Amino acid sequence: PFRLSSPHPLSLPPSPAMSSVGRGGKRRAGPPAAPSPLAAKRPQPMPPGAPQPPPPAAAAAEEEDMMDEDVFLDETILAEDEAALLLLDRDEALASRLSRWKRPALPADLVSGCSRSVAFQQLDIDYVIGESHKEFLPNSSGPAAIIRIFGVTREGHSVCCQVHGFEPYFYISCPPGMSPDDISGFKQTLEARMKESNRNSSVQRFVKSVELLQKQTIMHYQPNKSQSFLKIVVALPTMVASCRGILERGITIGSLGSKSFLTYESNILFALRFMIDCNIVGGNWIELPAGKYRKATRVMSYCQLELDCLYSDLVSHAPEGEYSKMAPFRILSFDIECAGRKGHFPEPTHDPVIQIANLLTLQGEAQPFVRNVMTLKSCSPIVGVDVMSFDTERDILLAWRDLIREADPDIIIGYNICKFDLPYLIERAEVLKIVEFPLLGRIRNSRVRVRDTTFNSRQYGMRESKDVTVEGRVQFDLLQAMQRDYKLSSYSLNSVSAHFLGEQKEDVHHSIISDLQNGNSETRRRLAVYCLKDAYLPQRLLDKLMYIYNYVEMARVTGVPISFLLSRGQSIKVTTTSNSANRYIPL
């Protein structure tokens, strides 16, 4: 699918031993052997009834025709052999690329069993609905929420840990005089109301438990004084809102009559609830003790290690000492170029993607270990860069998808990638009907999701953007980070780079991009250098401003996942901090 950037085509000298095809389609092994000198002098007797030989002129013409045909067929076979060798050379080049892109191989003891502990720095946390692990929870039935933690070990191995047994819950204030019998009747009534509200659900038991607790709240806060709360555990995270609505509208409790309730912590995200209860903070190290986890029997992700465990067996390490260090995260910085029409901003419904530049760097290292640019049509070589030229836009997009899958980046960065580059690639693949392109995440058969969002904050104002979900990978848009953290007169990549780095983009105006693409290999080389610089500058900004270190430390202090720091405001940080102090918030 791509052309090698070697300036000289592969050619082979003709070989006399190479097989050729003679008249009548009969294959022979090279030219006939020359007769010996004695045989040439001795006249050969003609057998009786044999046909007379043709005249000398006719024989010469026939021999010349045979030679011309043989030469033509020999050249055809040579061309086929050259094409086969070029294809072999191309496959070897692709294999070489894949070997440079891949992560280090797993050690034998992790491949074969669970005899050693596994420690990894978690980068992202979410949850899915599925079946609980029968070995850990033999009595479970029906759908359940399963926490997924993505991270990287010290050796650079990617991890997907599926955590079982953690259930969603929230609190209500317990009415005065409520007896244990009233609590039992309250649970039965709430269960009946939940079944009525969720008739189409396959869940067998909606309300798992109702427990009486003594806790503090920040509402009408009084030091050293607690009050009674009911902890209500439900089957699935989506049922928290349904249960809250029933309680806010009012429910009958035995002799106490009908009452409505103010709920506490009913809108805390399920993944965040898990982190708070397990003392997990954003970007910290998590350990699975030896023998406390199992290798996944059904592989659902592209991670090197896919493990299952109980939430009570997780060991969360405080970010101190040895566990304050950073794992070797893989950071992919990329940029795309599009062939826009004159006077129009590029639109994915009309304008093709013509180049994608990629730089892959290990966290903490100064230079990327993968530098490549994927171009539409031929491109002259660039020193230190792997130039991959393709015949069609479809091939470019599929090659980039393969790069994501094989290189397996933990963090994807760029400038304005969440609002432009990533959505553009997804929409462009839809236009070209490349159904396999959106499989960019770490979960098999899970597609990238793009939706329009509006971020509104008193501190940052209102901004329209797009929420791009690539499961298991963090998207870090340098434009969003700049707008949140710095007050600048201009947030263009050129201005920001000049301000912080003293560098600027290559001198290529957007109006001539299509002309450069429609030129020759040299003009497309100029465009490729421009595209590479646009991928290089965000990586330089990330390193110069120490964004990964700063955001990981902020996530550790506030207790939220790293991805929340770019997409959420300040209140989510207050919520986690208040919960860590064991004080409930009415919400």
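This note's numbering puts the first residue of the sequence shown at 3, with every later residue one more than the last.
Glycine is no exception: its CB is placed at the ideal position from the N, C-alpha and C atoms.
Just so you know, these numbers come straight off a predicted model, no measurement behind them.
Is the CB-CB distance between residue i and residue j below 9 Å?
i: Met328; j: Gly366; result: yes
i: Tyr129; j: Phe272; result: yes
i: Leu249; j: Thr265; result: yes
i: Asn374; j: Val387; result: yes
i: Ser481; j: Tyr493; result: Contrary to the premise, residue 481 reads as Leu rather than Ser in this sequence. Against a cut-off of 9 Å, the Cβ pair of Tyr493 and Leu481 comes out as a contact.
i: Gly115; j: Lys261; result: no
i: Val161; j: Leu307; result: yes
i: Glu432; j: Pro350; result: yes
i: Lys294; j: Asp279; result: no
i: Ala530; j: Val389; result: yes
i: Arg288; j: Gly474; result: At residue 288 the sequence reads Ile, which differs from the Arg that was named. Their beta carbons are not under 9 Å apart, which means Ile288 does not touch Gly474 by this criterion.
i: Ile255; j: Met180; result: yes
i: Asn281; j: Ser318; result: yes
i: Leu543; j: Val510; result: no
i: Leu362; j: Ile333; result: yes
i: Ala359; j: Ala537; result: yes
i: Gly144; j: Arg207; result: yes
i: Glu213; j: Leu192; result: no
i: Tyr173; j: Lys217; result: yes
Out of the options, which one is the CA nearest neighbour of residue i?
i: Ser467; options: Val531, Ser569, Asp393; result: Ser569
i: Tyr549; options: Asn202, Gly416, Arg446; result: Gly416
i: His159; options: Pro182, Met376, Leu125, Thr351; result: Leu125
i: Ile428; options: Gly561, Gly259, Thr471, Phe152; result: Thr471
i: Ala368; options: Ser175, Trp103, Leu539, Ile131; result: Leu539
i: Leu257; options: Trp402, Ser186, Glu133; result: Reading off the sequence, residue 257 comes out as Ser, not Leu. Minimum Cα distance to Ser257 is reached at Ser186.
i: Ala409; options: Ala194, Asp423, Thr219, Gly443; result: Gly443
i: Pro383; options: Asp454, Arg300, Ser523; result: Ser523
i: Thr219; options: Ser211, Val212, Glu213, Ser228; result: Ser228
i: Gln164; options: Asn141, Phe276, Leu192, Pro106; result: Phe276
i: Ala146; options: Cys176, Arg102, Val205; result: Val205
i: Ala401; options: His346, Leu441, Asn418; result: Leu441
i: Ser303; options: Ser199, Arg449, Leu490; result: Arg449
i: Pro239; options: Val301, Ile148, Asn286, Arg453; result: Ile148
i: Gly513; options: Pro563, Phe439, His346, His352; result: The question names Gly, but residue 513 is Ser in the sequence shown. Nearest option by C-alpha distance: His346.
i: Pro109; options: Glu322, Glu157, Asn141; result: Glu157
i: Ser335; options: His501, Leu214, Lys535, Asn496; result: Lys535
i: Glu505; options: Lys546, Lys489, Asp479; result: Lys546
i: Glu555; options: Pro321, Pro425, Cys533; result: Pro321
i: Tyr551; options: Phe478, Leu495, Arg527; result: Phe478
Since residue i sits in a beta bridge, which residues does DSSP pair it with?
i: Lys297; result: Leu309
i: Asp469; result: Arg453
i: Gly416; result: Asp479
i: Thr363; result: Ile333
i: Phe172; result: Ile234
i: Ser211; result: Val235
i: Ile384; result: Val387
i: Trp287; result: Gln123, His319
i: Val355; result: Cys340
i: Ile282; result: DSSP lists no partner for Ile282.
i: Ile445; result: Ser303
i: Gln229; result: Lys217
Note the first and the last residue of the continuous beta strand (DSSP E) segment covering residue i.
i: Ile220; result: It is not in any beta strand (DSSP E) - Ile220 carries neither H nor E in the DSSP assignment.
i: Ala147; result: 145-155
i: Cys163; result: 160-166
i: Ala121; result: 120-133
i: Asp388; result: 388-392
i: Ser318; result: 317-319
Starting from residue i, trace the alpha helix (DSSP H) in both directions and tell me its first and last residue.
i: Ile398; result: 395-409
i: Thr525; result: 523-546
i: Val372; result: Taken as a continuous stretch (DSSP letters only), Val372 belongs to no alpha helix (DSSP H), being part of the beta strand (DSSP E) at 372-378.
i: Ile185; result: 182-199
i: Ser494; result: That residue, Ser494, is in no alpha helix (DSSP H); it is neither H nor E in DSSP.
i: Ser114; result: 110-114
i: Phe347; result: First-last for Phe347: undefined, no H or E at that position.
i: Asn552; result: 549-560
i: Tyr426; result: 424-433
i: Ser203; result: Careful: Ser203 lies outside any alpha helix (DSSP H) and carries neither H nor E.
i: Leu518; result: 515-519
i: Leu567; result: 566-569
- Where in the stretch 236-279 do unbroken runs of the alpha helix (DSSP H), each at least 4 residues long, occur, reported from the N-terminal end onward? The qualifying runs are 241-251, 272-279.
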